[in-house]
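Worksheet: one structure, shown below.
Chains as they are written, first to last, in my numbering: chain W, 66 to 470; chain Y, 111 to 323.
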C-alpha cells in the first residue's frame, strides 16, 4: 500500500500480495526488521519498468499515434488505481494518527516531550519520500537536475509538499533541542551535528540514489535507440535495393512477386518478431523452411505456429519432411498459396502442409512423386513419426506429420 | 439479399481505392475515413452494416475509433484489416471489440465473404488469429477458477480453431467435423466472446508477456 513493495514482490513470486504483507507485518512485530527490509526494498526495487521496448514496428506506430498503446480495459484499471491511491493516502494518515495516539496513551517509550518532535519529523519525512518516489515517474531531463527529480511534475503542489516537509523536520529538530536544553553544551553540539547529518542523509538519500539509477537507465535507452537507428538504416538499404530490382524486372511478374514477397518477409520479421531463434526451435525451423520454399518456387507459404519446443534430431527430420511436402505442393499442385500449421501440444508435435491445388491419386503415386514416399513418409517412419496424406481433386492435398518429442 | 453497407477506414488513399475497386461491386461502400476523427464522423453519419477498420490510424489507432463509436452506437460491427500480424495488434483490436481480423493480403472474394459473416453477427478468424488464440488459451486448466466457462475453450472449440489455423474455410471445417457451417460459426463466435471477456489468468499473463494489457 505504501510504495508497492509488497505488490511488486507478490508479482515476482506469483503469490498473493496479502501473503507478502502479512509476512512483512509479522517480521515487524517479531523483532522489527520487517520494516527495515521494507524500507531497503523501497530503495532498491525498481519501479515496474515503464520502458519495456516494444517491437520496432509497434513502437514506431505507437509514437506516430497510429495505434493506442493500451486497449480499453487498461484505462479502466488505471482509473481505479488512481482512486485507490487517494483512498490509500487517507488510510495511511488515519492509521498513522491512530498508532501515534496509541503509543502516546500506552506511554511506550515515547515521552510527552519526544512525541510532537517525532510526529513532525515523521510527517515531514513521509512527505519528502513520497515526493521523491513520484518524481521518479517523471522522465529525467537535463534541464532540471536535482530539483526536477525531487519535485517531479506536480508543479506548485509538489513544491509546497517538499517545503512543508522540510519545515516540519526543522520544527521537529528545534522543538527537540529546546526541550532538551538541559543537556550539556557538548551534548547539544553532538546531537545537532548528528541530526544534521542524519537529516541530510535521509533527505538527500532517495534522490542521490535515484539520480544515478536514472542516469544509467537513460544511457541504456540511448544505446538502444542508436541500435534501432542502425537497424533502420540497414533495412532501408535492403528495401531500396529490392525496389530497384523490382523496377528492373518489371516485365517478369513472377520475379517481381518473389522479390516483393521475400522483402516483405524480411521486413516483417524485423518489425514484428520478438526473438530470432530460427535454428533452435521447431517453429523457427519450420518458418525458415517455408521461407526457402517460397523463395525458390515463388509460391507464398503462410506459417501459423502454436506452442514451440526445442529442435531435436527427430523434429529436424520432421521439418525436412514438411519442407519436401511444401516443395511438392509448390511444384505440382498449382495452388497459389500453401498453408502450414505447426503445433506443439504437450509431448506431441504436428505439422500440417496444405494446398488447395488439384490433388492427386494417393494410391497411384506417379513416378515424379516418389519424393512423397521416400522423403516424407519414409523419413517420418525412420524417426518414429507418422505421415498421413489426404488428397482430393476438389479440396487439394493435406500432409499431416506427427511425432512424439 | 440487399448489398451490405460498408465504411472503409484506412489512412492510405491507395489502399482505400484498391478495396473500393476490388469489392465495390459486391458491397456498397457508403463512406471512408482516413483518421480517427473522420472515421468516427463517417460511421456515425452513415450507420453502416460493417466497418473495415485499419489497426494503425492517425489519432490513436483503430481501437480508439471503436471506443468512440461504441459509446454511442454499440451495434456497429467492425472487421479489423491490417498488414500487422503482431500479437499485440491482433489480440488488442479483438479485445477492443472487433468481430474479426483479416490481413490486407486477403483476396477480394474472401473479404466480401468475411464482411457478410461479420454483418450476420458471426466472427471472422484468420488462421493466424486462430493460432494466437490457441496459444493464449493453452496451458493447464484450473478447474477451480471462477469464470471457468469464460476461461477455457471447449474441446470442440479447440478442434474448430485448429482447423482454421490449418487454413480451412468454415465450410471445410464443417465437413471435416461432420457439423453444420452454422455450428462452426457458433463455436467461433463463442471463442470470440471468451477472448473479449475472459480475465483468465493465463490469458492475462500471456498478454502481459507480450505487453498487451
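Using N, Cα and C, we set each Cβ at its ideal position, and we do this for glycine too.
- One thing to note: residue 317(W) has its Cβ no nearer than 9 angstroms to the Cβ of residue 369(W).
- In this structure, DSSP gives residue 210(Y) an extended state, which the three-state scheme calls strand.
- Relative to the Cα of residue 166(Y), the nearest Cα in the group 153(Y), 236(Y), 186(Y), 196(Y) belongs to 196(Y).
- For residue 211(Y), the closest C-alpha among the options 131(Y), 160(Y), 282(Y) is that of 160(Y).
- In the three-state DSSP reduction, residue 459(W) falls in the coil class, being neither helix nor strand.
- By the rule that beta-carbons nearer than 9 angstroms mark a contact, residue 302(Y) does not touch chain W.
- Per the coordinates, the alpha-carbon of residue 270(Y) lies some 12 angstroms from the alpha-carbon of residue 290(Y).
- Residue 422(W) has its alpha-carbon roughly 5 angstroms from the corresponding atom of residue 399(W).
- With fewer than 16 neighbouring CB atoms inside 10 Å of its own CB, residue 296(W) falls in the exposed class.
- Those residues of the region 279-298 of chain Y placed with their C-beta closer than 8 angstroms to a C-beta in chain W are 282, ordered along the chain.
- Per DSSP, residue 204(Y) is one residue of the alpha helix (DSSP H) stretching across 197-205.
- Looking at the DSSP output, residue 187(Y) bridges to 160(Y).
- Out of 191(W), 270(W), 132(W), the CA that lies nearest to the CA of residue 158(W) is found in 191(W).
- In the displayed model, residue 192(Y) falls within a strand according to three-state DSSP.
- Within the same chain, and ignoring the five residues on either side of residue 326(W) in sequence, the residues whose Cβ sits closer than 7 angstroms to its Cβ are 359, 365.
- Around the CB of residue 205(Y), 16 or more other CB atoms lie within 10 Å, so the residue is classed as buried.
- Excluding five sequence positions before and after residue 171(Y), the CB atoms of its chain that fall closer than 7 angstroms to its own CB belong to 165, given in chain order.
- Beta-carbon to beta-carbon, residue 234(Y) and residue 224(Y) are separated by about 4 angstroms, close enough to satisfy the 8 angstroms threshold.
- Residue 259(W) and residue 228(W) have their C-alpha atoms roughly 22 angstroms apart.
- Chain W has no Cβ within less than 9 angstroms of the Cβ of residue 160(Y).
- Annotation: Cβ neighbours of residue 276(Y) in chain W (cutoff 7 angstroms, chain order): 404, 406, 417, 419.
- Under the Cβ criterion of 9 angstroms, residue 359(W) is not counted among the residues facing chain Y.
- Of all residues in the region 152-184 of chain Y, only 165, 166, 167, 168, 169, 170, 171, 173, 174, 177 place a beta-carbon less than 7 angstroms from a beta-carbon of chain W.
- For the 9 angstroms CB-CB criterion, residue 126(Y) and residue 155(Y) do not form a contact.
- An exposed status is given to residue 292(Y), since fewer than 16 other beta-carbon atoms sit within 10 Å of its beta-carbon.
- The closest CA to that of residue 452(W), considering only 162(W), 460(W), 427(W), 459(W), is found on 427(W).
- For the 9 angstroms CB-CB criterion, residue 162(Y) and residue 201(Y) do not form a contact.
- Taking a cut-off of 8 angstroms for Cβ pairs, the region 178-196 of chain Y and the region 292-302 of chain Y do not touch, as fewer than three such pairs fall below it.
- DSSP links residue 410(W) through a beta bridge to 413(W).
- Around the C-beta of residue 242(Y), 16 or more other C-beta atoms lie within 10 Å, and the residue is accordingly described as buried.
- Collapsing the DSSP output to three states places residue 401(W) in coil.
- At least one beta carbon of chain Y lies nearer than 9 angstroms to the beta carbon of residue 123(W).
- Nothing from the region 313-324 of chain W brings a Cβ to less than 8 angstroms from some Cβ of chain Y.
- Taking the Cβ atoms as the reference, residue 146(Y) lies roughly 5 angstroms from residue 175(Y), within the contact range of under 8 angstroms.
- Using a Cβ-Cβ cut-off of 9 angstroms, residue 189(W) does not count as an interface residue toward chain Y, since no Cβ of chain Y sits closer than that to its own.
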